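Engineer: For the sequence shown, position 123 (counting from the first letter as 1) is numbered 121 according to the working numbering, and the numbering increases by one without interruption.
Think of the CB as a built atom: it goes at the ideal place given N, C-alpha and C, for glycine as much as any other residue.
On a predicted model such as this, the values are computed, not experimentally measured, just so you know.
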Amino acid sequence: MRTSAISRTAVTAVTAVSLALLATACSGSEGGGEGGGGDKAKGGSSAAAEPAAKALTAAELEKLALAEGEVKGHKVTKTGPEDEVAGDKVVVDKADCKPLADAVAAVPLGEAKATVKRKVIEEPKKDDAATGLGDLTDKDVEEALGAALDMTATMVSLSSYDGKGAEEAVAGLRTAADACAGGFGMTMGTDKSKVVKVEEIKASGGQEAAAWALVSEQDGQKMPHKVVLVRQGSTIASFSSINLGSIASGKEFPLPTVVIDAQAAKLG
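1. Could you say which of Met221, Gln205, Glu206 and Asp160 lies nearest to Lys190 if we only look at CA atoms?
2. Let me make sure I understand the geometry here. Which of Trp210, Glu68 and Ala104 has the alpha-carbon closest to that of Asp81?
3. Please look up how many angstroms separate the CB atoms of Leu242 and Met149, rounded, as I've assumed it's under 8 Å.
4. One question on the structure: do Arg116 and Thr55 come within less than 8 Å of each other, judged by their Cβ atoms?
5. Closest to Asp176 by CA distance: which of Ala208, Thr185 and Ser155 is it?
6. Rounded to whole angstroms, what's the CA-CA distance from Ser158 to Gly180? Just pull it up for me.
7. Here's a check: name, in chain order, each residue in its chain whose Cβ is nearer than 6 Å to the Cβ of Glu340, leaving out the five neighbours to either side.
8. Examine the Cβ distances between the segment 251 to 265 and the segment 77 to 94 and report whether three or more of them are shorter than 8 Å.
9. Whole angstroms is fine: what's the gap from Glu109's alpha carbon to Ala174's?
10. With distances taken from CA atoms, which of Ile245, Ala146, Ser202 and Glu206 is nearest His223?
11. Let's test the definition: count the other Cβ atoms within 10 Å of the Cβ of Ala167 and tell me whether it reaches 16, buried, or not, exposed.
12. Considering just the uninterrupted stretch of the alpha helix (DSSP H) at Gly187, what are its terminal residues?
13. Taking just the CA atoms, how far does Val213 sit from Val194?
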């Protein structure tokens, strides 16, 4: 996904349409659609542990997936065919890094039996200063437009597993992240990039949670990215996030905790 200078994208980037298009473009890099397929400390949800047994069906996962109105300040929609990227279209130059690339692309990890997905996009922040750009300096305009672009888009995937498949999927991603901390090359469809940073960060939720901050480079431009897993029993909620302002600036952005917490709460 390529991003032009803030001054060239501001007009469209602050609209809901452009946000949806961005999420779609990233899902050509980020994956989506329905189908089968950790902070290492336990998270804050302490519901009675259920045995990792039979996987939930897609219909059962749909009831647990986020719905519009459940995440304050965000638009929640189901994914469609335009969001789909097949697992075999996610290619890495180091085999050990495939699970991490799949997580970035929102491809189900491990031996998932069913998966449902949502696009959750932060609504634009209102900035009264943006209505009077003619009175601002170039620096003020740049800062105002940068603030307008400060919106996070997250692909949320719910996947179910038989037996200990969910635990094994989380463990596999941790192993991949450790093995690929030095970076790796990644291709999603026709989109090629180089992941130059993989750093584990703190996350909580469910019976097990893990998260990483990544930075990829494409055509000399840096793009921060966040990947989070929350496991509850035999179900995994996976979150793959980007931020419009961070794409423009290359700076880090915070985890979308309001999205993560809302989904974790629905899992129990």
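Structural biologist: Taking the structure as given:
1. Here residue 190 is taken as the residue at index 192 of the sequence shown, counted from 1. It is Met221.
2. For this step, residue 81 is matched to residue 83 along the sequence shown. For Asp81, the nearest C-alpha among the options comes from Ala104.
3. Sequence index remark: in the sequence shown, residue 242 carries index 244 (1-based). Sequence index remark: in the sequence shown, residue 149 carries index 151 (1-based). About 5 Å; that satisfies the 8 Å criterion.
4. For the purposes of this step, residue 116 is taken as residue 118 along the sequence shown, with counting starting at 1. For the purposes of this step, residue 55 is taken as residue 57 along the sequence shown, with counting starting at 1. No, these two residues do not count as a Cβ contact at 8 Å.
5. Position 178 of the sequence shown holds residue 176. Nearest C-alpha to Asp176: Ala208.
6. On the sequence shown, residue 158 is found 160 positions in, with the first residue counted as 1. On the sequence shown, residue 180 is found 182 positions in, with the first residue counted as 1. If I take the Cα positions, the gap works out to 31 Å.
7. This structure gives no information on residue 340, because the portion of the chain shown stretches from -1 to 266.
8. Not touching, per the Cβ criterion.
9. Locating residue 109 in the sequence shown gives position 111, counting from the first residue. Locating residue 174 in the sequence shown gives position 176, counting from the first residue. If I take the Cα positions, the gap works out to 16 Å.
10. Against the sequence shown, residue 223 aligns to sequence position 225. If we check each option's Cα against that of His223, Ile245 comes out closest.
11. Counted from its first residue, the sequence shown places residue 167 at position 169. Burial call: buried.
12. As a first step, residue 187 must be located in the sequence shown, where it is residue number 189. Bounds of any alpha helix (DSSP H) do not take in Gly187, whose DSSP letter is neither H nor E.
13. Within the sequence shown, numbered from 1, the residue matching residue 194 stands at position 196. Within the sequence shown, numbered from 1, the residue matching residue 213 stands at position 215. So the alpha carbons of these two residues sit roughly 6 Å apart.
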